[in-house]
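Q: Right, I'll just put the structure down here and ask away after.
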């Protein structure tokens, strides 16, 4: 099963003049937006400074021996980046307007950048999804009970600052929370800026609360949105969405499918390998998230996620990279988090867990009943024929 790395290698010698931009080009630029090694290269660079892929290659070669694989700097992303750096096709692509902001006080995690492809007169604004910080993950879960999260406001301001200076085609994209930010921010732009955007990509991104889907801003951009999610999507079925979507095959299962490097592609067509519908697990989860959100009030959801993340952070766990089983003694931290909860806090936590499991079991049972009914109906039709 081919992936984005195979695509980059297959088009390495194909200039944009002979092979125009494809969905996979937009996907790979979006994936590169996760690399924290951008931080190493741009520590002292101001936002208005840009750097081309060709200029980046010698920097990468010098720093590569010191790179360590992390939640963001995965082995697969490093390999993808190196393939892009060595590809003739991408040498003139520039990265600019880089912002990376993690604010623990305001519980905001936000990162964005612009990829410009001069041969195509095209710019792609990329909003990074959740990084490895627990602050970022806490902000993600705020989507379940808050109308607007801090990163939403940052994304709106970013587009308002960036779009007036961009010419040619404009694509706005994001994976995971980044996809949610892309849509929300675009919907809150003045009409003159909103009309500069040609397409919006949501790569396995959580949806929105129902009232947002009825706003004039969202309805004005709805037809420009392309939602792409894997067969067993988990993040992409959180909250609600009503735009057109593509379902992609993947070589992995469950949450591992959230990683775009695990999505199947057709290198010849420059497209993802699409299938007809989400897995039964994903469909059940979609219903479960909806039921769970209805069963818990906004106040209960806020208390739950404040409780969970604040306890983890108070115990010295600030990054997903801290969740390591390499040292068995570190595992005691996770047990200490639960032990430190008061009886009332434990009750809040267990209620939420119980409701989620109960909702999933109920939806799974209904799904099996529907499936069995469909099989029996088809069997009866065959028998009558």
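Numbering (our numbering), first residue to last: 5 to 389. Glycine is no exception: its CB is placed at the ideal position from the N, C-alpha and C atoms. These numbers come from a predicted model, not from an experiment.
Going by beta-carbon coordinates alone, are residue 208 and residue 237 separated by less than 9 angstroms?
A: Cβ atoms of residue 208 and residue 237: closer than 9 angstroms.
Q: Do you know whose CA, among 243, 304, 21 and 348, lies nearest residue 291's CA?
A: For residue 291, the nearest C-alpha among the options comes from 243.
Q: Spatial neighbours of residue 124 within its chain, please: C-beta separation below 6 angstroms, excluding the five flanking residues on both sides.
A: Cβ within range, chain order: 20 and 25.
Q: Rounding to the nearest angstrom, what Cα-Cα distance links residue 13 and residue 202 in this structure?
A: Distance between the alpha carbons of residue 13 and residue 202 is about 28 angstroms.
Q: Thinking C-alpha only, which one of 84, 16 and 311 is nearest residue 138?
A: Cα-wise, what sits closest to residue 138 is 311.
Q: Locate the alpha helix (DSSP H) running through residue 88, then write down its first and last residues.
A: Where residue 88 is concerned, the enclosing alpha helix (DSSP H) stretches over 79-89.
Q: Are the stretch 250-269 and the stretch 155-169 in contact at 8 angstroms, needing three or more beta carbon pairs?
A: No, the stretch 250-269 is not in contact with the stretch 155-169.
Q: Less than 9 angstroms separating the beta-carbons of residue 187 and residue 229?
A: In contact: residue 187 and residue 229 (Cβ atoms closer than 9 angstroms).
Q: May I have a chain-ordered list of the beta strand (DSSP E) segments no shorter than 3 residues that lie completely inside the stretch 169-248?
A: You should have 173-179, 203-207 and 229-234.
Q: Among the candidates 288, 65 and 126, whose CA atom is the shortest distance from the CA of residue 172?
A: It is 126 whose Cα lies nearest to the Cα of residue 172.
Q: Is it true that the stretch 268-280 meets the stretch 212-226, where meeting means three or more beta-carbon pairs spaced less than 8 angstroms apart?
A: No: fewer than three Cβ pairs fall under 8 angstroms.
Q: I'd like to confirm the pairing. Which residues does DSSP put opposite residue 250 in its beta bridges?
A: According to DSSP, which records beta bridges pairwise, residue 250 is partnered with 232.
Q: Three Cβ pairs or more, each shorter than 8 angstroms: is that satisfied between the stretch 67-76 and the stretch 88-100?
A: They do not touch, by the three-pair rule.
Q: Using 9 angstroms as the threshold, is the C-beta distance between residue 118 and residue 36 below it?
A: Their beta carbons are not under 9 angstroms apart, which means residue 118 does not touch residue 36 by this criterion.
Q: Could you tell me how far apart the beta carbons of residue 274 and residue 61 are, in whole angstroms, since I believe they sit closer than 8 angstroms?
A: Actually they do not touch by this definition, with Cβ atoms about 24 angstroms apart.
Q: Buried or exposed: residue 100, going by 16 or more other Cβ atoms within 10 Å of its Cβ?
A: Looking at its Cβ environment, which holds 16 or more other Cβ atoms inside 10 Å, residue 100 is buried.
Q: Considering only their Cβ atoms, is the gap separating residue 8 from residue 32 smaller than 9 angstroms?
A: Yes, the Cβ-Cβ distance between residue 32 and residue 8 is below 9 angstroms.
Q: If we ignore side chains and look at the alpha-carbon of each, how far apart do residue 297 and residue 134 end up?
A: So the alpha carbons of these two residues sit roughly 21 angstroms apart.
Q: Hey, could you find the ends of the alpha helix (DSSP H) residue 14 is sitting in?
A: Note, residue 14: alpha helix (DSSP H), 8-14.
Q: Use the C-beta contact count for residue 199: other C-beta atoms within 10 angstroms, 16 or more gives buried, fewer gives exposed.
A: Under this definition residue 199 is an exposed residue.
Q: What whole-angstrom Cβ distance do residue 129 and residue 116 have, given they're in contact under 8 angstroms?
A: Rounded, the Cβ-Cβ distance is 7 angstroms, consistent with contact.
Q: Of the residues 113, 71 and 149, which one's Cα is nearest the Cα of residue 132?
A: Of the candidates 113, 71 and 149, the one whose C-alpha sits nearest the C-alpha of residue 132 is 113.
Q: Rounding to the nearest angstrom, what Cα-Cα distance links residue 261 and residue 95 in this structure?
A: Distance between the alpha carbons of residue 261 and residue 95: 30 angstroms.
Q: With a Cβ-Cβ cutoff of 9 angstroms, do residue 81 and residue 354 count as a contact?
A: The answer is no: Cβ separation not under 9 angstroms.
Q: Exposed or buried, what is residue 320 when buried is set at 16 or more other beta-carbons lying within 10 Å of its beta-carbon?
A: Exposed is the call here.
Q: Assign residue 15 to buried or exposed, taking buried as 16 or more other Cβ atoms, counted over all protein chains shown, within 10 Å of its Cβ.
A: Burial call: buried.
Q: Are the CB atoms of residue 289 and residue 241 nearer to each other than 9 angstroms?
A: Their beta carbons are under 9 angstroms apart, which means residue 289 touches residue 241 by this criterion.
Q: Decide if residue 102 is buried, meaning its Cβ has at least 16 other Cβ atoms within 10 Å, or exposed.
A: Buried: at least 16 other Cβ atoms inside 10 Å.
Q: In terms of DSSP beta bridges, what is residue 390 paired with?
A: Since the first residue shown for the chain is 5 and the last is 389, residue 390 is missing from the structure and cannot be characterised.
Q: Looking only at its own chain, which residues have a Cβ that is under 6 angstroms from the Cβ of residue 162, when we skip the five neighbours before and after it?
A: So the list reads 116, once near-sequence residues are dropped.
Q: List the endpoints of the continuous alpha helix (DSSP H) containing residue 408.
A: The structure shown does not extend to residue 408, since the chain is modelled only from 5 through 389, so no value can be given for it.
Q: Report yes if the CB atom of residue 178 is closer than 9 angstroms to the CB atom of residue 205, and no otherwise.
A: It is a contact, given that the beta carbons lie within the stated cut-off.
Q: For residue 225 versus residue 191, is the C-beta spacing smaller than 9 angstroms?
A: Cβ distance < 9 angstroms, so residue 225 and residue 191 count as in contact.
Q: Can you tell me which of 287, 348 and 121 puts its alpha carbon nearest to the alpha carbon of residue 57?
A: It is 121 whose Cα lies nearest to the Cα of residue 57.
Q: According to the neighbour-count rule (16 or more other Cβ atoms, all chains shown, within 10 Å of its Cβ), is residue 143 buried or exposed?
A: Buried.
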